[in-house]
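Asks: All residue numbers for the sequence shown refer to full-length UniProt numbering, where the first residue is 1 and numbers rise by one.
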Amino acid sequence: MTSTRAEDFQRLQESRSQASRQQILDSAVQCLVEDGYSGASTLRIQELAGVSRGRLLHHFPSRDELLVGAVAHLVSNRVATLQEEALTTITAADGDPLRIDQAVDQMWVSFHQPYFWASIELWIAARHNENLRRALKPAERKLYKAIRATLDSYFGPTLCAHPRYRQTVDMLVSSMRGVALTYAFDARRPARDLHVAQWREVARVLLS
Numbered sequence: 001m002t003s004t005r006a007e008d009f010q011r012l013q014e015s016r017s018q019a020s021r022q023q024i025l026d027s028a029v030q031c032l033v034e035d036g037y038s039g040a041s042t043l044r045i046q047e048l049a050g051v052s053r054g055r056l057l058h059h060f061p062s063r064d065e066l067l068v069g070a071v072a073h074l075v076s077n078r079v080a081t082l083q084e085e086a087l088t089t090i091t092a093a094d095g096d097p098l099r100i101d102q103a104v105d106q107m108w109v110s111f112h113q114p115y116f117w118a119s120i121e122l123w124i125a126a127r128h129n130e131n132l133r134r135a136l137k138p139a140e141r142k143l144y145k146a147i148r149a150t151l152d153s154y155f156g157p158t159l160c161a162h163p164r165y166r167q168t169v170d171m172l173v174s175s176m177r178g179v180a181l182t183y184a185f186d187a188r189r190p191a192r193d194l195h196v197a198q199w200r201e202v203a204r205v206l207l208s
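1) Report the residue from R166, Q102, S76, R44 whose alpha carbon sits nearest the alpha carbon of P114.
2) Give me the Cα-Cα distance between F60 and V68, rounded to the nearest whole angstrom.
3) What three-state label does DSSP hand P138 in the structure shown?
4) Roughly how many angstroms separate the alpha carbons of H73 and D105, rounded to a whole number?
5) So, are the CB atoms of residue 215 and V29 less than 8 angstroms apart?
6) Considering residue 209, what are the terminal residues of the alpha helix (DSSP H) in which it resides?
7) Please report the straight-line C-alpha distance between L136 and R21, rounded to a whole angstrom.
8) Thinking C-beta only, is T42 closer than 8 angstroms to R63?
9) By Cβ distance below 6 angstroms, which residues in the same chain neighbour I120 in space, the five residues on each side in sequence not counted?
10) Within its chain, find whatever has a CB closer than 7 angstroms to the CB of R53; leave out the 5 residues flanking it on each side and keep chain order.
11) Just to confirm, is the Cβ distance from I100 to R188 under 8 angstroms?
12) Of the choices G39, L57, R141, whose alpha-carbon is the least far from that of I24?
13) Helix, strand or coil, according to DSSP, for N131 in the structure here?
14) Please classify L87 as buried or exposed, where buried requires at least 16 neighbouring CB atoms within 10 angstroms.
15) Terminal residues of the continuous alpha helix (DSSP H) containing H195?
16) Does the Cβ of L159 have 16 or more other Cβ atoms within 10 Å, making it buried, or fewer, making it exposed?
17) Please identify the residue among E130, N129, V79, H112 whose C-alpha is closest to the C-alpha of Y144.
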């Protein structure tokens with residue numbers, strides 16, 4: 001085999017490996033969202049992904065590493081999508097008071113995405129799973145930095161420079177997370193949630 005052919009073969013193998021890894025991660029996310037942590041077994045994920053047991057273990061030696069990696073994979077993809085969506089949904093200029101309302105609305109949208117529920121499944125499971133907790137903590141810290149950068153782009157440089165900006169965003173995230181959890185047993189239309197108007201008002205007061 002010539003050097004060029006060997007390199008082509010190596011690239012093909014790497015491409016196939018990356019494709020199978022992504023398929024495994026996508027299937028793991030699907031299991032977390034549809035079946036919860038307890039139902040997201042490696043066997044179930046393997047079946048959905050259509051890969052061999054050896055292939056799955058090659059990429060992810062443990063179930064918890066796989067599930068944490070799946071959420072990280074989903075969040076990284078979704079953050080990019082949310083940033084693109086913000087280009088059309090957030091139309092107010094930097095510093096315009098309307099920017100606060102639009103940013104709050106876009107934040108609320110993010111709490112009704114698959115990655116939110118996948119993350120919640122892992123958070124709850126980590127309470128009684130030390131191995132999962134150890135794997136989840138550094139991943140969540142890394143992901144929060146990416147999410148924080150996205151939130152900053154929603155509000156814009158002027159609002160981000162406000163002395164109360166950080167505490168405002170932290171308050172909104174905590175409050176939205178709590179309200180979003182109630183949708184697990186009380187499904188309704190997020191856009192009509194009465195909390196949205198309250199969040200807008202509080203954010204306007206704190207960032208004025």
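Where is the CB? At the ideal position from N, CA and C, for every residue including glycine.
Replies: Inspection of the coordinates gives the following:
1) S76
2) 10 angstroms
3) helix
4) D105 has its alpha-carbon roughly 24 angstroms from the corresponding atom of H73.
5) An answer regarding residue 215 cannot be provided, because it is not within the stretch 1 to 208 covered by the chain.
6) The question about residue 209 has no answer here: the residues shown for the chain are numbered 1 through 208.
7) 19 angstroms
8) yes
9) none
10) Close CB contacts of R53 within its chain, under the 7 angstroms cut and outside five residues either way in sequence, are with Q46 (chain order).
11) In this structure, R188 does not lie closer than 8 angstroms to I100 by Cβ.
12) Comparing Cα-Cα distances from I24 to each of G39, L57, R141, the minimum goes to L57.
13) helix
14) exposed
15) Taken as a continuous stretch (DSSP letters only), the alpha helix (DSSP H) holding H195 covers 195-206.
16) With 16 or more other CB atoms across the displayed protein chains lying within 10 angstroms of its CB, L159 is buried.
17) V79
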